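Working notes for the structure below.
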Amino acid sequence: NAGVTQTPKFQVLKTGQSMTLQCAQDMNHNSMYWYRQDPGMGLRLIYYSASEGTTDKGEVPNGYNVSRLNKREFSLRLESAAPSQTSVYFCASSDSLAGYNEQFFGPGTRLTVL
Amino acid sequence: QKEVEQNSGPLSVPEGAIASLNCTYSDRGSQSFFWYRQYSGKSPELIMSIYSNGDKEDGRFTAQLNKASQYVSLLIRDSQPSDSATYLCALTRADGLTFGKGTHLIIQP
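Going down the list, the protein sequences come from chains P and B. Residue 106 in the working numbering sits at position 106 of the first sequence, with consecutive numbering throughout. Residue 178 in the working numbering sits at position 64 of the second sequence, with consecutive numbering throughout.
Right, here's the structure in full:
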């Protein structure tokens, strides 16, 4: 039982390049999330998926797109990376969006955009 | 007022003492509250959840919730150097959780 996994762990991009961050969970959770964490800013929600087949914008969605590929997988895409997207990205999952909503986090992807 | 407020610290506590971490929130409709621990360079790890007023104990950790006063706290008894980390308070909202910015706790040997 791996929990939430993310790939890659580290990535360096040049401005304008694109990339996709992958996330998978094996806990049979319905809801999945993408956060970014910046020094002094805390965790901020980028996008979330309440259930398979649905996605919604969070607090800071600009510059990102997501795909809920199936119940297990939720990917985050940067179409044209900018230095402001340098951050640590965390994927999380929970049994449901509402209610008790205990979220479990993946190990993170450390992204640098030059 | 920010949704979830925490003192950023650092909060320095001697080994063996009680560490007290506090969090206030603005949304009276919040029903569920969580404490996450995050070591430097690692991901947040859920350590406590609390859903009703009062205290909830789990080992050395006690979470306290007071919905009327809109605060939630975390007590760590017999603090150990391994408790040194950033502690994030979180609560539910319509699109999942909202997090405070965290309190940096340092346990001094």
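A virtual CB, placed ideally from N, CA and C, is assigned to each residue, including glycine. Since the model is a prediction, treat every value here as computed from it, not as a measurement.
Cβ neighbour criterion (16 or more within 10 Å) applied to Y139/B: buried
Which of helix, strand or coil DSSP assigns to S84/P: helix
Integer Cβ distance of T200/B from G216/B, believed to fall under 8 Å: 4 Å
Minimum C-alpha distance to D197/B - residue among S144/B, L125/B, V118/B and Q120/B: L125/B
Nearest to S80/P (by Cα), restricted to the options T7/P, S18/P and V4/P: S18/P
Closer than 7 Å at the beta carbon, the chain D residues around F213/B: You won't find chain D in this structure, because its protein chains are P and B.
Chain-ordered residues of the segment 185-211 of chain B with a beta carbon less than 9 Å from chain P: L202, A204, T206, A208, D209, G210 and L211
Cβ-based neighbour list, T54/P, same chain, cut-off 8 Å, excluding 5 preceding and 5 following: R68
Proximity winner among Y48/P, G108/P and M41/P, relative to S31/P (alpha-carbon distances): Y48/P
Start-to-end residues for the beta strand (DSSP E) that takes in G210/B: G210 to F213
8 Å Cβ cutoff met for T206/B and S144/B: yes
Environment of N101/P [buried if 16+ CB atoms lie within 10 Å]: buried
S163/B: contacting residues in chain P (beta-carbon distance under 8 Å): Y100 and E102
Residue closest to C23/P, alpha-carbon to alpha-carbon, out of D56/P, V60/P, D95/P and A2/P: A2/P
Counterpart residues of D95/P in DSSP-defined beta bridges: In DSSP, D95/P forms no bridge with anything.
Close-in-space but distant-in-sequence residues of the same chain around Y118/P (CB under 6 Å, 5 per side omitted): The requested residue 118/P is not part of the displayed model; chain P covers only 1 to 114.
Collapsed DSSP secondary structure at D197/B in the structure displayed: helix
Proximity to A82/P [Cα-Cα], best of F74/P, G106/P and T112/P: T112/P
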